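Sequential numbering of the sequence shown, starting at 107, is according to the numbering used here. All C-beta atoms in this analysis are idealised placements derived from N, C-alpha and C, irrespective of residue type, glycine included. Quantities reported herein were computed from a predicted structural model and do not represent experimental measurements.
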Amino acid sequence: MDNLLMLIPVALGLGFLGLLGFLWALKSGQFDDLDGAAHRILFDDDEQPKHGA
107 MDNLLMLIPV ALGLGFLGLL GFLWALKSGQ FDDLDGAAHR ILFDDDEQPK
157 HGA
């Protein structure tokens, strides 16, 4: 029973930290462009260097 009284505040604290982390990521724009990375990997815009003879 003593363990349960200790684990409940620990679980609530970790859940609160997770919520704060999610809200921080949401506010900083981490979820603004979800499809950008998926499309960016398909289209390679890097030009190959041309070697002269």
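If you follow the alpha helix (DSSP H) that residue i is part of, which residue opens it and which one closes it?
{"i": "I114", "result": "D108 to K133"}
{"i": "H145", "result": "G142 to R146"}
Can the beta-carbon of residue i be found closer than 8 Å to that of residue j?
{"i": "F137", "j": "A131", "result": "yes"}
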